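Protein chains in written order, with our numbering: chain B, 1 to 200; chain V, 201 to 400.
We put the CB at the ideal spot given by N, CA and C, even for glycine.
Since the model is a prediction, treat every value here as computed from it, not as a measurement.
Notes to accompany the following structure.
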DNA sequence: GTCAGATGTGACCGGCTGGTAACATTGTCA
DNA sequence: TGACAATGTTACCAGCCGGTCACATCTGAC
């Protein structure tokens with residue numbers, strides 16, 4: 001157990017890392033603070049000195065995931081400066097990895113979606129992060145010349161959320177590995193704008 | 201509280217109905233047997249006389265949802281006898297309602313997916329039900345003349361699971377209302393078979 | 001009426017979990 | 001060395017929850 005490969009990290013960071021990992025694997029409700037502290041090679045008391053409550057820890061995790069998502073967009077722009085179409089194509093591929101690689105931090109968001117009590121303090125943060133992501137992706141689609149950018153983004157949202165859920169329940173052999181293919185087809189459909197009811 | 205509009209239903213059925221509703225809303229982990237019994241206008245003891253454990257109740261709920269899904273396919277065949285293309289088009293529309301209407305029984309399945317412990321007794325049932333659904337949908341696509349039926353089914357799976365998750369977390373205003381549009385575009389794409397990398 | 005089976009009621013147990021208190025340990029800086 | 005802050009350890013509390021027990025109530029069949 002524990003994470004012996006980064007001894008230099010202070011307890012607070014180790015706790016956040018462990019919490020993100022375990023929240024992802026077991027759900028927010030499925031893991032206890034004791035287990036988180038132990039996995040972080042720390043203890044419950046230190047956890048509560050840094051985070052006032054389990055919810056507080058959860059929010060911190062989400063915020064860290066959000067800041068990493070920020071880096072995602074920066075990398076996209078740096079890889080294809082000024083080329084929105086290339087960025088969109090690259091976005092699909094990276095999102096595909098993002099979903100199927102085990103280190104998928106966004107999974108935090110739907111782990112937290114289990115908190116159906118809509119007044120949960122984490123919901124606000126989650127909504128804010130999600131809105132930011134959607135705004136950026138919509139702008140990217142628009143820059144890439146997609147007319148109905150909002151529609152495409154909604155469709156891509158369904159695909160990516162479905163892929164995350166499916167990955168967690170079905171794993172390697174599941175449908176989530178087809179995310180990239182499906183996303184590219186949708187983008188094609190919106191880019192060419194030729195909607196015929198081909199079936200029937 | 202309680203469900204006063206069906207007094208004739210025996211306690212066992214009321215408990216199943218209440219459990220499905222509450223599992224859906226709060227997740228399997230988020231609701232207690234006491235609350236289920238009370239919502240069913242019954243009590244915990246009667247619950248445990250009919251179901252050996254909470255897990256047992258969960259499995260019964262999933263099985264009932266599965267049998268209703270069976271009725272779904274029967275209705276589809278009756279509505280368009282022998283016309284696979286029409287059935288596929290209708291499937292999309294019905295699945296769209298299925299997802300966005302609050303009475304979405306399939307949500308049980310991903311509520312149960314929170315049970316990440318892979319040895320949970322409900323997992324077996326869930327996997328079995330899911331496989332059956334996929335098989336039927338694949339056959340329908342094939343009958344409708346889709347060559348790469350498995351690929352299309354995987355893509356539709358992602359869409360529908362994403363729509364369910366998104367509906368729960370975002371509701372009316374969310375992306376899940378675009379499910380039908382996205383699904384039709386995907387079907388078009390697979391039916392016409394003309395995949396050009398239109399973007400870029 | 002009465003008998004049996006199903007249902008309802010309240011109390012209870014044990015384990016887990018979020019959270020706290022008190023004290024011990026370590027490490028660092030002067 | 002001494003002092004201080006951060007961290008670790010142990011024990012504990014309270015509440016919730018899955019599950020059980022003993023007993024009361026109801027209902028329909030005969």
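- Residue 189 of chain B sits buried, since 16 or more C-beta atoms from the chains shown fall within 10 Å of its C-beta.
- In its chain, beyond the 5 residues on either side, 180 have a beta carbon closer than 8 Å to the beta carbon of residue 93 of chain B.
- Membership of residue 121 of chain B in the alpha helix (DSSP H) is indicated by the continuous run 121-143.
- Here the segment 352-360 of chain V lies against the segment 332-339 of chain V, with 3 or more beta-carbon pairs under 8 Å apart.
- Contact residues of the segment 355-381 of chain V toward chain B are 355, 356, 357, 358, 359, 360, 361, 362, 363, 364, 365, 366, 368, 369, 370, 374, 375, 376, 377, 378, 379 and 381 (C-beta to C-beta distance below 9 Å).
- What residue 29 of chain B touches in chain V, judged by beta-carbon distance under 9 Å, is 227, 229, 230 and 314, going in chain order.
- Restricting attention to alpha helix (DSSP H) runs no shorter than 4 residues, the segment 28-62 of chain B encloses them at 33-39 and 44-50, ordered along the chain.
- Residue 151 of chain B reaches chain V at 378 and 381, counting residues in chain order whose Cβ is nearer than 7 Å.
- Exposure of residue 252 of chain V is indicated by the presence of fewer than 16 other C-beta atoms within 10 angstroms of its C-beta.
- Taking residue 366 of chain V as the centre and dropping the five residues before and after it, the same chain places the C-beta of 374, 375 and 376 closer than 7 Å to its C-beta, in chain order.
- Taking a cut-off of 8 Å on C-beta distances, the segment 238-255 of chain V touches the segment 205-223 of chain V, as three or more cross pairs fall below it.
- Below the 8 Å Cβ cutoff, chain B contributes no neighbours of residue 220 of chain V, its closest Cβ being approximately 15 Å away.
- Residue 385 of chain V has a beta carbon lying within less than 8 Å of a beta carbon in chain B.
- Per DSSP, residue 281 of chain V lies in no alpha helix (DSSP H) and is assigned neither H nor E.
- Under the DSSP assignment, residue 163 of chain B falls in the alpha helix (DSSP H) whose first and last residues are 149-170.
- One Cα belongs to residue 124 of chain B, the other to residue 282 of chain V, and the distance between them is close to 49 Å.
- Counted as a single uninterrupted DSSP element, the alpha helix (DSSP H) harbouring residue 216 of chain V occupies residues 211-226.
- Closest by C-alpha distance to residue 219 of chain V, out of V:260, V:249 and V:208, is V:260.
- A distance below 6 Å between beta-carbons, with the five flanking residues on each side excluded, links residue 85 of chain B to the following residues of its chain, in chain order: 144.
- The residue among B:142, B:21 and B:90 with its C-alpha nearest the C-alpha of residue 64 of chain B is B:21.
- Counted as a single uninterrupted DSSP element, the alpha helix (DSSP H) harbouring residue 387 of chain V occupies residues 379-392.
- Taken through DSSP and simplified to helix, strand or coil, residue 8 of chain B comes out as coil.
- Contact between residue 364 of chain V and residue 30 of chain B fails: their C-beta atoms lie close to 20 Å from each other, not under 8 Å.
- In the structure shown, residue 173 of chain B adopts helical secondary structure according to DSSP, grouped into three states.
- In chain order, 352, 390 and 391 place their CB closer than 7 Å to the CB of residue 346 of chain V, counting only its own chain and leaving out the 5 sequence neighbours on each side.
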